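As structure tokens, the structure follows; a few thoughts come after it.
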Amino acid sequence: MTSDVVVVGGGPTGLMLAYELALAGVRPIVLEQHSEPRTEPKANGLVGRIVQLLDYRGLLDRFAAGSRHVGPAPSFYFGAVPLNLSALEHNPLHLLVIPQPRLEGLLAEEAVALGAEIRRGQRVVALSQGDRGVTLETQGPGGGGMLRAAYVVGCDGAHSTVRKQAGIGFPGSTGSLVTRIGHVSLPASLIVPETGEVRVPGAGRLRLGWTYTERGKIGLMSFKPGVHVVTAAENDRLPVDSGAPMTLGELRSSVRRILGTDLPMSDPSWLSRTVASSRLADRYRAGRVMVAGDAAHLFPAGGSALNTGMLDAVNLGWKLAAQVNGTAPAGLLQTYHDERHAVGERVLALTKAQSVLMAAGEESAVLRDLFEEVLSLPQALQHIAGRLHGEDVRYGAQALGGEAHPLLGRWAPDLALRTTQGPTRLAELLRAGRPVLLDLAGDTALQDIVAEGWKDRVDVVAARGGQPAPPADALLIRPDGHVAWAVSARQAPPDPRQDLRSALTTWFGAASRAL
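Per this note's numbering, the sequence shown runs over residues -9 to 505.
Given below as structure tokens:
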């Protein structure tokens, strides 16, 4: 059997990619090795730009139903340094509290509704590619099989078979920090109702968040009544068998070593063990094979993995769909590596800094005190919150000249708009996952350019902006929400119409007929 695109891995990154491909008219096949949807609460929410992207796709309201929080985060951590984000006039860091099983379930439903196919219980064991396609060897309950695809994307995690088989390197380092996590029950008698603190015999009151000792750190959080997330992190000198399942006894022993006393725990609903790693694929594309999410990058700290991985998928989805549909200009698919690898480098650097702040020991404690002092300053707090959210991402920044419009390459802000059909906002214009030319100055010549050559691929919307005034007179916005071209009267290029034609051709292919 032959498919246009096979996505290997049915986690959030793979399912987000399947949704984006299906939205663009491609019918991907998702191969997931687990035979049933996973119920492990590996993550409890999304942080960063991906929350706004879900809004731009019209998914946020459904995904946020019943959530404890959606929108700007009132507080967060940079490493182990608490951030009081409610003190900011403009708080950029968005948060959606959603358990990972629910996130995956909703993404799967949305992708399948658009035509994606999810095959569970299918594990990829080998891969080979040629000029015309990729051959996958799979194993499942019914035995082995072969599957051909024009393109394959590995979203199959840190130990990605796709990445290894494609010959993509994964340089980096594995540290000595071992983190053990359990979703457990704690005796109600230990919980301080007013603060949520936990009274630990022999250790005193432990607050929600991180507690440090000379031997490591303990993290306590609670996302639903009766369940606490207990995290024990230590530079473990004991041999760790990464293949052995985590046990409640192992978590108890780690907590005892760190605190010097026992923390009563019972009824684990999920247990996990990780060893801190810092890795980045040396390339995100090898011919017809691409990688995304944990298959492309591992971060040592900071909770950035889901945000970065799902945004990998959004960046790749429309480009790969254009390649499959025959409208992609030369080199478009390579921009996936160019853009997202650079983002991966910046996120990796940011999370390495956080891991230093989270380490046990006197030096890190002094550094945490200094950072807490610095991050009480509004300008520093604003900068770090923006970095955590992803405000620093500017695609093609190195190639942009000094005269480039400030929005070029950046996330398109969610403008309040008025059209002939009534009030709307930019987020609603991107629900279909198509590029949009937004004309805010009534320049029909710009609209005519799209109508003459790119109407089949680009939507044109004439609108007026509300207050504050729009930051441009016209914007060409990519399906992933980033600005491909912008013009304003005070920063207009010599020939904005030709500049627009060039941007359309660069990102969305040649005109459908001669202009």
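In this text, a Cβ means the ideal position worked out from N, Cα and C, and glycines have one as well. Everything numeric in this text was worked out from a predicted model, so none of it was measured.
If you look at Pro2, you'll find it in the alpha helix (DSSP H) that goes Pro2 to Leu13.
Distance check between Arg269 and each of Val41, Gly334 and Arg28 places Gly334 closest, using alpha-carbon atoms only. The segment 125 to 145 makes contact with the segment 302 to 315: 3 or more CB pairs, one atom from each, lie closer than 8 Å.
Of the residues assessed, Val124 falls on the buried side of the cut-off, its CB having 16 or more other CB atoms within 10 angstroms.
One thing to note: Val(-4) has its Cβ within 8 Å of the Cβ of Leu21. With respect to the 8 Å criterion, His287 and Leu241 are not classified as neighbours on the basis of their beta carbons. Two segments are said to touch when three or more pairs of C-beta atoms, one from each, lie closer than 8 Å; by this definition the segment 97 to 117 touches the segment 17 to 35. For Leu137, the enclosing beta strand (DSSP E) starts and ends at Gly133 to Gly144. Under DSSP, Gly194 takes part in a beta bridge, and its partners are Val190. Per DSSP, the continuous alpha helix (DSSP H) segment holding Asn305 begins and ends at Ala295 to Asn315. Under the three-state reduction of DSSP, Val473 is assigned to strand.
Membership of His327 in the alpha helix (DSSP H) is indicated by the continuous run Gln324 to Met348.
Take the alpha-carbon of Tyr202 and the one of Gly471: they are about 41 Å apart. One alpha carbon belongs to Pro215, the other to Arg195, and they sit about 19 Å apart. Within 10 angstroms of the beta-carbon of Asn74 lie fewer than 16 other beta-carbons, which makes it exposed. The three-state secondary structure of Ile181, taken from DSSP, is strand. Three or more pairs of CB atoms, one per stretch, sit closer than 8 Å, so the segment 285 to 300 contacts the segment 259 to 274. Residue state for Ile208 is assigned as strand, using DSSP reduced to three classes. Going by DSSP, Arg110 is part of the beta strand (DSSP E) stretching over Glu107 to Arg110. For Gly95, the enclosing alpha helix (DSSP H) covers residues Gln90 to Ala103. Counted as a single uninterrupted DSSP element, the alpha helix (DSSP H) harbouring Val356 occupies residues Glu352 to Val364. When the five nearest sequence neighbours on each side are left out, the beta carbons in the same chain lying within less than 6 Å of the beta carbon of Pro319 are those of Gly499, in order along the chain.
Taken atom to atom, the span from the alpha-carbon of Met280 to that of Gly144 is near 6 Å. With a threshold of 16 other beta carbon atoms within 10 Å, Thr(-8) falls short and is exposed.
Around the beta-carbon of Met300, 16 or more other beta-carbon atoms lie within 10 Å, marking it buried.
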